[in-house]
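Numbering (our numbering), first residue to last: 1316 to 1400. No residue lacks a Cβ here, since even glycine has one placed at the ideal position from N, Cα and C.
Next comes the structure, spelled out in C-alpha coordinates:
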(Lines of atoms letter the chains of each structure in order from A and count residues from 1; the text may use other names and numbers.)
(Lines give C-alpha, C1' and ligand atoms only; values in the text may rest on other atoms or scores of the structure.)
Protein backbone atom coordinates (compact mmCIF):
# COMPACT_ATOMS: atom_id res chain seq x y z
CA UNK A 1 0.00 0.00 0.00
CA UNK A 2 1.46 3.37 -1.00
CA UNK A 3 1.13 6.37 1.27
CA UNK A 4 -0.20 9.81 0.36
CA UNK A 5 3.38 11.07 0.43
CA UNK A 6 4.31 8.47 -2.19
CA UNK A 7 1.32 9.49 -4.32
CA UNK A 8 2.64 13.06 -4.33
CA UNK A 9 6.07 11.97 -5.60
CA UNK A 10 6.86 12.87 -9.16
CA UNK A 11 8.14 10.17 -11.48
CA UNK A 12 11.73 11.39 -11.41
CA UNK A 13 11.75 11.65 -7.61
CA UNK A 14 10.39 8.13 -7.20
CA UNK A 15 12.78 6.75 -9.82
CA UNK A 16 15.80 8.41 -8.21
CA UNK A 17 14.87 7.11 -4.77
CA UNK A 18 14.29 3.64 -6.23
CA UNK A 19 17.75 3.72 -7.81
CA UNK A 20 19.23 4.60 -4.42
CA UNK A 21 17.31 1.78 -2.71
CA UNK A 22 18.58 -0.73 -5.28
CA UNK A 23 22.13 0.57 -4.91
CA UNK A 24 21.98 0.12 -1.14
CA UNK A 25 20.56 -3.39 -1.44
CA UNK A 26 23.19 -4.41 -3.99
CA UNK A 27 26.00 -2.97 -1.85
CA UNK A 28 25.01 -5.21 1.04
CA UNK A 29 26.15 -4.56 4.58
CA UNK A 30 22.64 -4.05 5.91
CA UNK A 31 20.85 -6.19 8.46
CA UNK A 32 18.05 -8.48 7.41
CA UNK A 33 15.52 -6.08 8.91
CA UNK A 34 17.04 -3.10 7.06
CA UNK A 35 17.14 -5.09 3.82
CA UNK A 36 13.47 -6.02 4.16
CA UNK A 37 12.52 -2.40 4.84
CA UNK A 38 14.52 -1.27 1.80
CA UNK A 39 12.91 -3.95 -0.36
CA UNK A 40 9.42 -2.93 0.79
CA UNK A 41 10.22 0.72 0.06
CA UNK A 42 11.50 -0.28 -3.36
CA UNK A 43 8.24 -2.09 -4.11
CA UNK A 44 6.25 1.02 -3.13
CA UNK A 45 8.44 3.24 -5.30
CA UNK A 46 8.14 0.83 -8.23
CA UNK A 47 4.34 1.05 -7.95
CA UNK A 48 4.51 4.85 -8.02
CA UNK A 49 6.74 4.75 -11.11
CA UNK A 50 4.46 2.20 -12.78
CA UNK A 51 1.41 4.42 -12.19
CA UNK A 52 3.20 7.42 -13.69
CA UNK A 53 4.27 5.40 -16.73
CA UNK A 54 0.79 3.92 -17.20
CA UNK A 55 -0.68 7.43 -17.00
CA UNK A 56 1.82 8.72 -19.53
CA UNK A 57 1.02 5.80 -21.87
CA UNK A 58 -2.71 6.51 -21.56
CA UNK A 59 -2.15 10.18 -22.39
CA UNK A 60 -0.03 9.29 -25.42
CA UNK A 61 -2.58 6.73 -26.62
CA UNK A 62 -5.39 9.27 -26.23
CA UNK A 63 -3.42 11.91 -28.12
CA UNK A 64 -2.60 9.48 -30.92
CA UNK A 65 -6.21 8.31 -31.15
CA UNK A 66 -7.40 11.92 -31.30
CA UNK A 67 -4.86 12.70 -34.00
CA UNK A 68 -5.86 9.65 -36.05
CA UNK A 69 -9.58 10.41 -35.78
CA UNK A 70 -8.94 14.02 -36.79
CA UNK A 71 -6.88 13.00 -39.82
CA UNK A 72 -9.33 10.29 -40.81
CA UNK A 73 -12.26 12.70 -40.87
CA UNK A 74 -10.47 15.32 -42.98
CA UNK A 75 -8.82 13.01 -45.50
CA UNK A 76 -11.59 10.48 -45.96
CA UNK A 77 -14.51 12.88 -46.38
CA UNK A 78 -14.09 13.97 -50.00
CA UNK A 79 -14.79 11.68 -52.94
CA UNK A 80 -12.02 11.51 -55.48
CA UNK A 81 -9.18 12.02 -53.00
CA UNK A 82 -6.41 9.45 -52.66
CA UNK A 83 -8.72 6.55 -53.51
CA UNK A 84 -9.26 7.65 -57.14
CA UNK A 85 -5.58 8.06 -58.01
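By the C-beta density criterion, residue 1371 is exposed, having fewer than 16 other C-beta atoms within 10 angstroms. Scanning 1374, 1378, 1353 for the CA closest to the CA of residue 1332 turns up 1353. Between residue 1340 and residue 1350, the CB-CB gap stays under 8 angstroms. If only uninterrupted beta strand (DSSP E) runs of at least 3 residues are considered, none is enclosed by the segment 1323-1369. Linking residue 1358 to residue 1380 through their CA atoms gives a straight-line distance of about 32 angstroms.
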